[in-house]
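Novice:
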Amino acid sequence: MAQEKDKDKEKPHYIRNLPVALLMDRTLTGDEFRYYVIIVSLSYSQGYCFMTNSRLGKMFGKSISTIQRIVSSLKEKGYAKVEIYVDDNGNTRRKIIPLVGVRMDDEGHINFDMGGSMDDMGGSMDDTPPISNLNMGACQICDHSNNNKSNDKSSNGANADLRNSTPSQKGKAKRKKFVPPSLDEVEQYAEEKGLAIDARRFFDFYTAGEWHDSGGKPVKNWKQKALTWDRREQKERRSQPPAQGPVHLTQADMERRDAEQRKQIDDATARYRQKRLAEMQKGATSA
Numbered sequence: 016m017a018q019e020k021d022k023d024k025e026k027p028h029y030i031r032n033l034p035v036a037l038l039m040d041r042t043l044t045g046d047e048f049r050y051y052v053i054i055v056s057l058s059y060s061q062g063y064c065f066m067t068n069s070r071l072g073k074m075f076g077k078s079i080s081t082i083q084r085i086v087s088s089l090k091e092k093g094y095a096k097v098e099i100y101v102d103d104n105g106n107t108r109r110k111i112i113p114l115v116g117v118r119m120d121d122e123g124h125i126n127f128d129m130g131g132s133m134d135d136m137g138g139s140m141d142d143t144p145p146i147s148n149l150n151m152g153a154c155q156i157c158d159h160s161n162n163n164k165s166n167d168k169s170s171n172g173a174n175a176d177l178r179n180s181t182p183s184q185k186g187k188a189k190r191k192k193f194v195p196p197s198l199d200e201v202e203q204y205a206e207e208k209g210l211a212i213d214a215r216r217f218f219d220f221y222t223a224g225e226w227h228d229s230g231g232k233p234v235k236n237w238k239q240k241a242l243t244w245d246r247r248e249q250k251e252r253r254s255q256p257p258a259q260g261p262v263h264l265t266q267a268d269m270e271r272r273d274a275e276q277r278k279q280i281d282d283a284t285a286r287y288r289q290k291r292l293a294e295m296q297k298g299a300t301s302a
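The sequence shown begins at 16 in the numbering used here and counts up one residue at a time.
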């Protein structure tokens, strides 16, 4: 049920019109413009964008680090607010809340605030291209003609799922979608396999990286990663010297130890006396 709700949050809302102010804002780069429109479309039902950097990047073939820079730039320019929180299952989540050029309708949905301003550009509000054409730059969108109307049917089909409309995904064999585990699943697996890993540390590490490894590659099998962590942990433990516990001596051991200590003291005392005697004899001879 929770996964179904998450999927609902990632369903994009079809946007037909864009505000003039957004189209003419020269402070936004082409990528920032495109992704801000995406963020608004994904915020329609919940009021915020729930999609991860990885999924956002797949839309236009961008890396996770590039998406991070775009989101950070939108935040710095006042276009979006980012909130990090932990859900009921202990998973770390992120909200990207659009702030500029948006409004909430009577049903609580977020959309662009048009205000009829498209007429100021000398065209009707229907001249604005649909969201499927966001692979173009802002200037190209402004000059786009009404030819989109003849392609409404294909555009609607392409926008049914933005995540599956990117060229990088076309023609690829379908593979099983990776579903991140919950903390309980990791703990249960570690216990069943007797793994010497800290389940919480493992879970937090990959959750913080949106289930990408330290090299930036997406995790395809978290159980395999857990086994790799276990092998590394076992190797580190074997390389460490064994802990020295308390030594328990018997009565005979303690007596033997005391005798050895007394002998060492007696030998040292005897050597000292011999040295002093030799010095005294040498002094008497020289006198």
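Where a beta carbon is used, it is the ideal one built from N, C-alpha and C, also for glycine.
1) For residue 193, count the other beta carbons within 10 Å of its own beta carbon; 16 or more makes it buried, fewer makes it exposed. Which is it?
2) Taking only three categories from DSSP, how would you classify residue 106?
3) Between which two residues does the beta strand (DSSP E) harbouring residue 95 extend?
4) Pick out the complete alpha helix (DSSP H) segments inside the segment 182-250, 4 residues or longer, and give them in chain order.
5) Cβ of residue 201 within 8 Å of Cβ of residue 214?
6) Given this structure, state the Cα-to-Cα distance separating residue 101 from residue 65, to the nearest angstrom.
7) DSSP on residue 35, reduced to helix/strand/coil?
8) Between the alpha carbons of residue 196 and residue 51, how many angstroms are there, rounded?
9) The alpha helix (DSSP H) with residue 74 in it runs from where to where?
10) For residue 295, which residues in the same chain have their Cβ closer than 7 Å to its Cβ, ignoring the five residues on either side in sequence?
11) In whole angstroms, give me the CA-to-CA distance for residue 36 and residue 61.
12) Since residue 127 is in the beta strand (DSSP E), which residue starts that stretch and which ends it?
13) By DSSP, does residue 118 sit in helix, in strand, or in coil?
Specialist: Put simply:
1) In the sequence shown, residue 193 corresponds to position 178, counting from 1. Exposed is the call here.
2) Counting from one through the sequence shown, the residue named residue 106 turns up at place 91. In the structure shown, the three-state DSSP call for residue 106 is coil.
3) Translated into positions along the sequence shown, residue 95 becomes position 80. Membership of residue 95 in the beta strand (DSSP E) is indicated by the continuous run 95-101.
4) Correct list: 198-208, 214-223.
5) Residue numbering aside, residue 201 sits at position 186 when the sequence shown is read from its first letter. Residue numbering aside, residue 214 sits at position 199 when the sequence shown is read from its first letter. Contact: yes.
6) In the sequence shown, the residue the question calls residue 101 occupies position 86. In the sequence shown, the residue the question calls residue 65 occupies position 50. In a straight line, the C-alpha of residue 101 is about 13 Å away from that of residue 65.
7) For the purposes of this step, residue 35 is taken as the residue at position 20 of the sequence shown. If DSSP states are grouped into helix, strand and coil, residue 35 belongs with the helices.
8) In the sequence shown, the residue the question calls residue 196 occupies position 181. In the sequence shown, the residue the question calls residue 51 occupies position 36. Roughly 30 Å between the two C-alpha positions.
9) Taking the first residue of the sequence shown as position 1, residue 74 is located at position 59. Membership of residue 74 in the alpha helix (DSSP H) is indicated by the continuous run 68-75.
10) The residue labelled residue 295 in the question sits at position 280 within the sequence shown. So the list is empty, once near-sequence residues are dropped.
11) As a position in the sequence shown, residue 36 is number 21, starting the count at 1. As a position in the sequence shown, residue 61 is number 46, starting the count at 1. Going by the C-alpha atoms only, they are around 24 Å apart.
12) Within the sequence shown, the letter at position 112 stands for residue 127. Residues 125-127.
13) Translated into positions along the sequence shown, residue 118 becomes position 103. Residue 118 carries a strand assignment under DSSP once its states are collapsed to helix, strand and coil.
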